[in-house]
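Comments concern the structure below.
4 protein chains.
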Amino acid sequence: MRHVPGTPFDALQDGDKLKEECGVFGVIGVADAANFVALGLHALQHRGQEAGGIVTYDPEQGFNSARRFGYVRDNFTRADVMATLPGSLGIGHVRYSTAGSKGATAIRDVQPFFGEFAMGGAAIAHNGNLTNAAALRRELIERGSIFQSSSDSECIIHLMARSIQTSIAERIKDALRRVEGAFSIVAMTRTKLIGVRDAHGVRPLVLGRLGDSGWCLSSETCALDIVGAEFVREIDPGEMVVIEGNKVISTRPFTPAQSRFCIFEQVYFSRPDSILGGRSVYETRRQIGVELAKEAPVDADLVCPVPDSGTPAAIGYSQQSGIPYAMGIIRNQYMGRTFIEPTEQIRNMGVRLKLNVNRALIQGKRVILVDDSVVRGTTSRKIKDMILDAGAAEVHFRIASPPTAWPCFYGVDTPERSKLLAATMTEDEMRDWIGVDSLKFISLDGLYRAAGESAGRDPKAPRFCDACFSGEYPVAPSDKLAEGFEMKVAE
Amino acid sequence: MRHVPGTPFDALQDGDKLKEECGVFGVIGVADAANFVALGLHALQHRGQEAGGIVTYDPEQGFNSARRFGYVRDNFTRADVMATLPGSLGIGHVRYSTAGSKGATAIRDVQPFFGEFAMGGAAIAHNGNLTNAAALRRELIERGSIFQSSSDSECIIHLMARSIQTSIAERIKDALRRVEGAFSIVAMTRTKLIGVRDAHGVRPLVLGRLGDSGWCLSSETCALDIVGAEFVREIDPGEMVVIEGNKVISTRPFTPAQSRFCIFEQVYFSRPDSILGGRSVYETRRQIGVELAKEAPVDADLVCPVPDSGTPAAIGYSQQSGIPYAMGIIRNQYMGRTFIEPTEQIRNMGVRLKLNVNRALIQGKRVILVDDSVVRGTTSRKIKDMILDAGAAEVHFRIASPPTAWPCFYGVDTPERSKLLAATMTEDEMRDWIGVDSLKFISLDGLYRAAGESAGRDPKAPRFCDACFSGEYPVAPSDKLAEGFEMKVAE
Amino acid sequence: MRHVPGTPFDALQDGDKLKEECGVFGVIGVADAANFVALGLHALQHRGQEAGGIVTYDPEQGFNSARRFGYVRDNFTRADVMATLPGSLGIGHVRYSTAGSKGATAIRDVQPFFGEFAMGGAAIAHNGNLTNAAALRRELIERGSIFQSSSDSECIIHLMARSIQTSIAERIKDALRRVEGAFSIVAMTRTKLIGVRDAHGVRPLVLGRLGDSGWCLSSETCALDIVGAEFVREIDPGEMVVIEGNKVISTRPFTPAQSRFCIFEQVYFSRPDSILGGRSVYETRRQIGVELAKEAPVDADLVCPVPDSGTPAAIGYSQQSGIPYAMGIIRNQYMGRTFIEPTEQIRNMGVRLKLNVNRALIQGKRVILVDDSVVRGTTSRKIKDMILDAGAAEVHFRIASPPTAWPCFYGVDTPERSKLLAATMTEDEMRDWIGVDSLKFISLDGLYRAAGESAGRDPKAPRFCDACFSGEYPVAPSDKLAEGFEMKVAE
Amino acid sequence: MRHVPGTPFDALQDGDKLKEECGVFGVIGVADAANFVALGLHALQHRGQEAGGIVTYDPEQGFNSARRFGYVRDNFTRADVMATLPGSLGIGHVRYSTAGSKGATAIRDVQPFFGEFAMGGAAIAHNGNLTNAAALRRELIERGSIFQSSSDSECIIHLMARSIQTSIAERIKDALRRVEGAFSIVAMTRTKLIGVRDAHGVRPLVLGRLGDSGWCLSSETCALDIVGAEFVREIDPGEMVVIEGNKVISTRPFTPAQSRFCIFEQVYFSRPDSILGGRSVYETRRQIGVELAKEAPVDADLVCPVPDSGTPAAIGYSQQSGIPYAMGIIRNQYMGRTFIEPTEQIRNMGVRLKLNVNRALIQGKRVILVDDSVVRGTTSRKIKDMILDAGAAEVHFRIASPPTAWPCFYGVDTPERSKLLAATMTEDEMRDWIGVDSLKFISLDGLYRAAGESAGRDPKAPRFCDACFSGEYPVAPSDKLAEGFEMKVAE
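Chains as they are written, first to last, in full-length UniProt numbering: chain A, 1 to 491; chain B, 1 to 491; chain C, 1 to 491; chain D, 1 to 491.
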């Protein structure tokens, strides 16, 4: 990833986690909409840390936009920036990085995207990824569209510009019927706030009520909490809502399809204080720990989370197993940029900047470490080193997700398949490569049970998109197939 | 506090916590000393977030210094800054704010302080507070010294400048024999690294070994871990160590006194992964929770920490009581600056920026909240509001320290006595003012037991400085008495 | 004008001068093209001080672009910026402000503009103004183009995108045949540098040779000097040159028209060390002073320029009249931002920041002040005040251009007609309003003579565009006429 | 010189001009004193471009100070900075670089200096240089003073701190009686504005009246003009003025000495619109040109200044000789930072960034170039190259000062003697080394005549300090002599 000057940089997380690519938030019917959007995006910052943008509309000032690299708290807290965003209607976006971009994100890739049409302007913010964007882009350029970004999402606004429909809402439908892949979209015209989810509902989108006159759309419920909005309901897969004044009009513009919500939102992406499917994400994760303790018990002295994402599952594991829960690894709350290493190099400095072992606690103990996932495995090895250096007697890894063996094409930044540890090794090989006494992943069925499917996964009609674990892609990734990606052959 | 542009600002913590005022770190005998100091200060950032400074010495470049507002990670990670700090010997300081400063800290108040003497230069970094600084300052100005800062600690370097001793180490002794109060000092000359603790040993200071040739001095052991140093021992109360080459020479320059280490370091200031008195701080805090569960049991559904400082005690409380531990409040990891509030104000926005209730988990539950301390009580009220808004059935506060009823004069930023909730209310009155179903503090004896004194507190010779709880000050605060502060009358 | 933070701001010039809107520069066939473009733009900074941009192409890195507010010297001297602009082919643009923008320029309005077409990318930089841009823009949006800027020049790149031609050069021709108005354009593809001037040749464009392999295109010759290029020739009105390798291919794509070069380039816009029509601009301006002394003599002690633009004409006036030339007004070379005025306001502070009267020289003298033009007249009044405050006996204004009575629609920022002093007053009324002893403008014939037309202006076929003086517009300003602008009625 | 990020950098001037080291300004008895000081320093910016500082006093806010690298217009125009400087009394300083500093200036070297004394605080700003500062500094350190800067001027405030006088004005006298060298000082207490000049009056200092209640002290009269103050008189050599309320009390604290004002202020340092000795500096410089034309005539076509400092003398030379004055070299008004040179290096790029030859004017002409001085001669060679490259037939240099053969020790940054071209070459050798057809300097007598001494220089009692030309130092440079500097042996 490009090093963006002035942007904090989470060295460890970058190396070895899947990263959600976006969060979206919109609000209508309030004074100072931009302030609400800024707070909402701040609560969604975990979904995209690289850049953020806000667009608002005010009858006198027209559409205004501010797009910045860096954290919401560093840009959209500045009075000079916020003063440029008047109006009672606004949408915003935080992003991690662009599918399609060769490495670097330029500021022109930062959403929301804006287009001026004959009937007025519109802005859209997209969470997800289009699997036929490359083909669409070629076609649009051929016909005279000029792309300003390297982002796939820009296709949507060009498709809208070329639609022959006379309202923007209808043009959005036209455009989205041409795209394939995953999308949860928040859009706005001069008077309307619009939300849409693709037919499978891969990415989340929720509706909230703000006082008597306002409405919000948000990727997660935690952003409703920060602005004091009441959670109304999730937008359904395949649903489009158009909000104007106090009316929320719902339509179903797409061919119905089976619901396939991203299961990794449950495991890692969503914040633990968000609500998915009527249950706290924290509780689902704790339940994963309970299932894991049942599936993969081991005799030990302490259950320690790899902070912070392993914490709820570690609590669940401890409660189910009766082995005491302990903070064996402490996370430095002032993480950020990379320090200059002295000439006499410090072993595993990258991890030390973020984590420190609670040495006096760990010494001589048999330790169960609970982490959310293993991607490349490089961080797992370094953590194992730290724990052993501190004098642990045994180290047992328990992972709160099945082996990640397939890339995601629906809005998550995944390494190439060949870089995924689970794509090339068995569980035992991984254990040896990481160098721990034992390593166990939760089963896919166990994960489904923890997520509320008491019967486990129905292989004929799985309730979630679990392609990263199963290799079963609900939408064929057509651009990738054209590039030579080989899908799993049915067994 | 002055709003320092560009400095992250922890709105909640500022309002309602005691704040350690400083952390110090020094290293000798390594290439690129400044890089080690930067890492050490980063690990000590929790002891002072407002500003930091580093001084190094290189035979060719002489003494060099860089002092900045803001986090270590934002300043001392920059190649251009670090390039100005060559040498194999260096010390550094992070600070919260200056005793003596009227509100604002100027950059000239940021330590280490440097003085050029006839026999060469020296720099010092001071953690603690001098209780006779005002009188010393008046005297020094009268005699022609020019103060550059509003910091009390600058007295030390002027006393050194006026000493008739011919070595810097002896001048430091001369100077420190004139001062009263608490100090853990790290100092350097062109060839020596020097550490000193006052006779009571109020503030911490530890010695570490770095490879074959290097030595470190640090406020806490967690900073030894980050640079890969081995913990050797604590510097004793009243001890001075002078390190040159591979020799560590120890002397006892001051009149011996009873050891009175700050007990609040155990409760809150020190990092949980540091080691104090041979035990993990985390473990001591967990033990406080155990004692608290014994002293103040209550029937409930969940034990939740107020993150992050209440976490270890909440774990201990849960383990002792058998009531499940849960993350009922989630801390936003992207905290920072203050957002602009919309015209339609958001209830308790300051707290919302930092914390969010795990609504789906809390609803209908009887919740025990474990926090480290109550200072003004304002944040406790807001947290109670949030928990009740989320639908909790009952809220019980359990506090991991006794009531804070007296100000600290030894290097901790405390509100005036009249602002301390416990100085004006009984426990029951506090419960009603905060508005919770029950409120209990650990007893002073219980705290001593958790800190390893199985017999509790010996009222004749307490092992710790607990003046903030007991009003018994080991060193009379002479400047404050002159200003009219009334000490506790012996009962 | 919007206050752009960090951008120097010439308070005086802004208030009361016509402002050229752009300068363009391009280079091909050299290593580090961006460094040449930066130098060229620096030499053209007087043509546009608000913002600048550079695009380069490198076979490995593709097209790269950097666009910034502020001076070239503040942005395009930074190693980090220049490192992002590799390649041997590049173009650049400096701008003042956008026709069409409501006040503020956004960074997206800064040129060069870039478009990705089916046959590859292209970038263009435009000096001039299109008089049918509003109509074109409406049409393009209707057909599905998405505009990213408020700049008229963006029409060109959308017209190119929709052309059915298969080479970029041909698409440029297609596009430019649809536009009306004034343009001198520098464009680039992956392999070609392209220059075009409209059929009237209103704005300048010159060709230079750089060593054995390189070529430049530039608004003025002064930018050839800074990069060490040899001046080859002016691009002709209506000519297009396509430079690739060592070949310069010239075509005439437009209907031939009479040459009408902007006469204000001679008076004020171009730098005095540039060459126009084979003669130094300085020399033309000196000659204006000579003509002015013949047309409007007056008895006085000193001839003083209003610095710096009145200097050459003042020298000419002095030489012709025999009255000594003197620097009666001194310009502060550190001009820039606006200072905060004290509560006790300082008379004419804006002018004082830029100019100071040479008090000891002026006292008791009859002074002739030579200025280049009078637009609103507000600055002329302030300068008169300063001169009289310093004790001058008489003040005579001599203006090196005819009365500016009509707005320019070809790329110059002019106030509305009603704000032009000469649109509403006679010469005598202006003299009284400004408050000087005499005021004389050069005649249009005198100006033509100074510019090399010994017979003066041919009213049937004037050699220059002098619409700002004469109201005779060579191209009908169709957008403006649609908005209600009233052209001069033929007498 | 250190490259100060963010500070404009005048590449040419740096290389080959003597540089004044400071300008001072103070004001009392006005609202918003800081705004006046900022304007005054802006007008004095030519005396010191590297850094500036302002101190003000307000009864409620006490003393406040802001010190910054860079131009006044970039720092002291910011509302956030100026808001920190309340009060009706203030002083300021602009500086070039520190005598005594090894290369780099730290912010702690930026004046005014401030000291807190038993009777209250005081701030001082010093223009000039102390010739016994090194010895004083050693003595003060020996006695326990701690220096915060590398600036010689800091000695004054330490001497004040150690004085036994009971008023600050008396302490200033005490301190200044101990120092040797040149000083024009502006100082302030809580209620008084104080100005002092050394007994020889080497550096300028003037008094101005501001409205009914205010007074100013300034290095030059041009700074009185910008704030609208009336010039009252020069402070006399050896005079001290103490201004409080509406009273200006004058005393003569030093042993009387012959007046020896720096003649280089006339030649180059002072602004042309300032008044020295009752006459415009511009007029003195024009008169130098007149004298030079008499002393060193030559047959030629044009007289051109080297801009901007050669301009007045060139005008005088033209008027005396009858040879037309012309702007043969144009200065780029957007000078500043250094550009990145392309791989294919551009001949004399440094000069090109600042100057361009008016090629069409110069071609085939015999040109007289008038410059203010020759220091190293390197720039003269480059300018000669540019003029010849442009096709000049002959080049004749005429220099408006005698050969600069000796360093200045009184506040001017001069190269070591060995780097001064005139210290090692005769006039003819210099002509050949520079490579021009003729080179002539004005004589010392001619310079005195132009400066108003009709009889020329009185070798027994010269009216000016002309040590840089004559080697006759009015004050023995004792620190330099101790370092081995050899003064001129009397002939």
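Ideal placement from N, C-alpha and C gives every residue a C-beta, glycine not left out.
Contact check, residue i vs residue j, beta carbons under 9 Å
{"i": "Arg279 (chain C)", "j": "Gly452 (chain C)", "result": "yes"}
{"i": "Leu421 (chain A)", "j": "Val367 (chain A)", "result": "no"}
{"i": "Glu237 (chain A)", "j": "Phe261 (chain A)", "result": "Looking at the sequence itself, residue 237 (chain A) is Pro, so the reference to Glu does not match. For Pro237 (chain A) and Phe261 (chain A), yes; Cβs fall inside 9 Å."}
{"i": "Arg449 (chain B)", "j": "Gln287 (chain B)", "result": "yes"}
{"i": "Glu341 (chain B)", "j": "Asn35 (chain A)", "result": "yes"}
{"i": "Arg47 (chain C)", "j": "Phe269 (chain C)", "result": "yes"}
{"i": "Gly23 (chain B)", "j": "Gly53 (chain B)", "result": "no"}
Below-9 Å beta-carbon distance, residue i vs any chain D residue
{"i": "Phe147 (chain B)", "result": "yes"}
{"i": "Gly87 (chain C)", "result": "no"}
is_contact[residue i, chain A] using C-beta, thresh 9 Å
{"i": "Asn246 (chain B)", "result": "no"}
{"i": "Ile157 (chain C)", "result": "yes"}
{"i": "residue 496 (chain B)", "result": "The question about residue 496 (chain B) has no answer here: the residues shown for chain B are numbered 1 through 491."}
Whole-number beta carbon distance between residue j and residue i, since they are thought to touch under 8 Å
{"i": "Gly435 (chain A)", "j": "Arg381 (chain A)", "result": "6 Å"}
{"i": "Gly446 (chain C)", "j": "Glu295 (chain C)", "result": "5 Å"}
{"i": "Gly471 (chain A)", "j": "Ala405 (chain A)", "result": "7 Å"}
{"i": "Val232 (chain C)", "j": "Ala123 (chain C)", "result": "At roughly 23 Å, the Cβ-Cβ gap does not stay under 8 Å, so Val232 (chain C) and Ala123 (chain C) are not in contact."}
Any C-beta of chain C under 9 Å from that of residue i
{"i": "Gly48 (chain D)", "result": "no"}
{"i": "Phe117 (chain A)", "result": "yes"}
{"i": "His42 (chain D)", "result": "yes"}
{"i": "Glu142 (chain A)", "result": "yes"}
{"i": "Val242 (chain D)", "result": "no"}
{"i": "Leu18 (chain D)", "result": "no"}
Minimum Cβ-Cβ distance from residue i to chain B less than 9 Å
{"i": "Arg162 (chain D)", "result": "yes"}
{"i": "Leu361 (chain A)", "result": "yes"}
{"i": "Phe261 (chain A)", "result": "no"}
Classification of residue i by the beta-carbon crowding that lies within 10 angstroms, buried from 16 upward
{"i": "Ala333 (chain A)", "result": "Inspection of the sequence shows that residue 333 (chain A) is occupied by Gln rather than by Ala. Exposed, by the Cβ-count rule."}
**Request:** Decide yes or no for the touch test of the segment 401-414 of chain C against the segment 347-367 of chain C: beta carbon pairs closer than 8 Å, at least 3 of them.
**Result:** no
**Cβ pair count under 8 Å reaching 3, the segment 75-84 of chain C against the segment 138-154 of chain C** = no
**Message:** Three or more C-beta pairs under 8 Å: does that hold for the segment 27-46 of chain C against the segment 66-77 of chain C?
**Reply:** yes
**Prompt:** Are at least three pairs of beta-carbons, each pair with one atom in the segment 425-442 of chain B and one in the segment 222-230 of chain B, less than 8 Å apart?
**Reply:** no
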